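Visitor: Using my numbering, read the sequence shown as starting at 12 and increasing by one per residue.
Cβ atoms here follow ideal geometry from the backbone N, Cα and C, with glycine treated the same way.
Note that the structure is a prediction, hence the values are computed from the model and not measured.
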Amino acid sequence: MKTLALYHLKGGVGKTAAAVNLACLAARARIPTVLWDLDPQGGASWTLSVAAPDAGKPKSLWSGNAPIGDWVQDTGRSNLSLIPADLTTRHLDTWLRKDDPGTLQQLLKPLSERYSLCVLDCPPSLSHLAENIFAAADRVLLPTVPTHLSLRALKQLLDHFNEHKLPRSKLRAFWSLADRRRGLHRALIEAPPKAMPKLLRAVVPYSTVVEKMGEHKAPVEDYASDHPAAEVYRQLWKEMKAELKL
12 MKTLALYHLK GGVGKTAAAV NLACLAARAR IPTVLWDLDP QGGASWTLSV
62 AAPDAGKPKS LWSGNAPIGD WVQDTGRSNL SLIPADLTTR HLDTWLRKDD
112 PGTLQQLLKP LSERYSLCVL DCPPSLSHLA ENIFAAADRV LLPTVPTHLS
162 LRALKQLLDH FNEHKLPRSK LRAFWSLADR RRGLHRALIE APPKAMPKLL
212 RAVVPYSTVV EKMGEHKAPV EDYASDHPAA EVYRQLWKEM KAELKL
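1) Taking only the alpha-carbon atoms, compute the straight-line gap between GLN52 and LEU98 and give it to the nearest angstrom.
2) In three-state DSSP terms, what is PRO121?
3) Please classify LEU199 as buried or exposed, where buried requires at least 16 other C-beta atoms within 10 Å of its C-beta.
4) For GLU92, is the classification buried or exposed, using 16 other Cβ atoms within 10 angstroms of its Cβ as the cut-off for buried?
5) Report yes or no: do the stretch 53-65 and the stretch 26-33 share at least 3 C-beta pairs separated by less than 8 angstroms?
6) Between the C-alpha atoms of SER71 and VAL83, what's the straight-line distance to the nearest angstrom?
7) Spatial neighbours of THR86 within its chain, please: C-beta separation below 7 angstroms, excluding the five flanking residues on both sides.
8) Give the straight-line distance between the Cα atoms of THR100 and THR27, rounded to the nearest whole angstrom.
9) What are the boundary residues of the alpha helix (DSSP H) that THR58 is part of?
10) CA-CA distance, GLU142 and PRO135?
11) Say whether the stretch 118-135 touches the stretch 171-184, bearing in mind that this needs 3 or more beta-carbon pairs closer than 8 angstroms, one atom from each stretch.
12) Taking the CB atoms as reference points, tell me whether LEU128 and MET224 lie closer together than 8 angstroms.
13) Under 8 angstroms between the Cβ atoms of VAL151 and LEU182?
14) Rounded C-beta distance between GLY25 and PRO154? I'm assuming under 8 angstroms.
15) Where does ASP50 sit, in a helix, a strand or coil, going by DSSP?
16) If you draw a straight line from the C-alpha of ARG191 to the C-alpha of LEU17, how long is it?
17) Could you pull out every residue in the same chain whose Cβ sits closer than 8 angstroms to the Cβ of LYS264, ignoring the five residues on either side in sequence?
18) Do the CB positions of VAL231 and VAL221 come within less than 8 angstroms of each other?
19) Which complete alpha helix (DSSP H) runs does the stretch 55-119 hold, if anything under 4 residues is left out?
20) Do TRP106 and TRP73 have their beta-carbon atoms positioned less than 8 angstroms apart in this structure?
21) For LYS21, count neighbouring Cβ atoms within 10 angstroms of its own Cβ and tell me buried if that reaches 16, exposed if not.
22) Under the DSSP definition of a beta bridge, which residues are partnered with THR155?
23) Ignore the nearest five residues each way along the sequence and tell me which others in SER7's own chain have a CB closer than 6 angstroms to its CB.
24) Note down the Cα distance separating ARG163 from ALA40, rounded to an integer number of angstroms.
25) According to DSSP, is LEU211 helix, strand or coil?
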């Protein structure tokens, strides 16, 4: 099983939208996929209309006292399951051992019996959970808005990787929520900073079509497959499929 993490230190960069669209496109390609919503806001869970188990206690999963299979929920879509989030997930950092970044990796192992791809929708924080994500992911995909504030957050992540000697080879970036009518956006897209990780070709536009995912409770492909945003997500999926050799 390959693991793809959607991560950025800054919130509001289109991370959840990308996670949901990529997971759904993988499922459409008949790749057994599980999307794990690690963000306590639960955006991916809400978009796919999947709630956490009524009697579930997330702490028991992370402490090893409950099998991960109890948390995997059906999405009603072929080849796609979801591990949902709720507000209690905000305590995750206190449940993780500070000296062990391998907890998430161990939790993922049983899923490989059923799934070929795990997509992680990650919260915007540099935390113990983030360390677990960096250890477990085959690729860390960084949706980056072409603004200086978003690039500053990206640089903080790169500095962290350099300081802790983490493998930058896992990092892939793409422009997200891009508006080519804006001079700054256009300039950064045409001449990206040299320090950026490997930059993918897909540029996700700032579009009301993407924002309507919340209205339709679905990926863009379901309700606007002929829109340029849908084509961009297909391109992004094609690039990641090749990266992960799926």
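Guide: Once the coordinates are examined:
1) 6 angstroms
2) helix
3) buried
4) According to the sequence shown, residue 92 is Ser rather than Glu. SER92 comes out buried.
5) yes
6) 14 angstroms
7) LEU59, VAL61, SER92, LEU93
8) 16 angstroms
9) 54-58
10) 12 angstroms
11) no
12) no
13) yes
14) 5 angstroms
15) coil
16) 23 angstroms
17) In this structure the chain extends from 12 to 257, so residue 264 is not present and cannot be described.
18) yes
19) 69-73, 103-106, 114-119
20) yes
21) buried
22) TRP186
23) What the structure shows of the chain is the stretch from 12 to 257, and residue 7 is not part of that stretch, so it cannot be assessed.
24) 35 angstroms
25) strand
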